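With the working numbering as the guide, the letters of the sequence shown map in order to residues 927 to 1115.
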Amino acid sequence: MKDASDLAAELLIHLARLAQSSGNHRLTPAQWTALRYFARANRLSRTPSAFSAFHATTRGTASQTVKSLESMGLLRRRRNEGDGRSTLFDLTEEGEAALADDPLQALSQRIAALPEADRGGFLGTMKTLVGDLARQQAAPEFGTCGDCAHFETVQGGVYCHCAAATLMAGELDALCIEFRPRSGAGAVN
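Below you can see the structure in the form of structure tokens.
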């Protein structure tokens, strides 16, 4: 007989599939994940290899997904000025517009409608589960600056010790492949 944790895991997978299957079917679930990722990733993490790590897939599969979004006009490629060997991707205006029809919005709205305490507990639980599973599988953890061990508030702004760079205000809530959780903090905000 299955226990409550097995049921919770099955319901979580079912919930994700339901959320991915609603709304606009123009994009596949992998393409939606990529579009969301590039919309939320910081300037250092907008590469196909970082997306590959985030999506827990091969680099080849991730590259094909990114290329398909680029060919649809939803992503734009640009040279990485900090590292000439890599390419960065940004959303185009069409990509930004596509996110207005993101099927995940239905789930986000239901989560937002939860009582604040439930919402906070749910987010904390999800961060813990994502972080624990990523560590168990030796996969990168993703999160945002506020929970990151590399983050420091300094006079005049915020600083990332990993990137050795001052961060802009808009980057504080962005996903980062270099994320390392502070003690007691979880991944993915």
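For glycine and all other residues, C-beta sits at the position ideal for the given N, C-alpha and C. Since we're looking at a predicted model, the values are computed, not measured.
Phe1015 sits in a strand when the DSSP states are folded into three classes. Ala967 carries a strand assignment under DSSP once its states are collapsed to helix, strand and coil. Restricting attention to Ser994, Asp1016, Trp958, Leu1055, the CA atom closest to the CA of Ser931 is found in Leu1055. Under the 8 angstroms Cβ criterion, the segment 1064-1073 does not count as touching the segment 1022-1032, having fewer than three qualifying pairs. When rounded, the separation of the alpha-carbon atoms in Leu1040 and Gly1050 is 14 angstroms. Looking at the backbone, the Cα of Leu1001 and that of Ala960 are separated by about 10 angstroms.
Under the three-state reduction of DSSP, Leu937 is assigned to helix. In the structure shown, the three-state DSSP call for Phe977 is helix.
Each of Val1084, Glu1097, Ala956 was checked against the Cα of Thr983, and the nearest Cα belongs to Ala956. Ranking Cys1102, Pro1107, Arg1011 by CA distance to the CA of Ala976 puts Cys1102 first. Counting C-beta pairs closer than 8 angstroms gives three or more between the segment 1005-1025 and the segment 964-978, which meets the contact rule. For the pair Phe1105 and Ala945, the Cα-to-Cα distance works out to about 26 angstroms. Counting the other Cβ atoms within 10 Å of the Cβ of Glu1097 gives 16 or more, which makes it buried.
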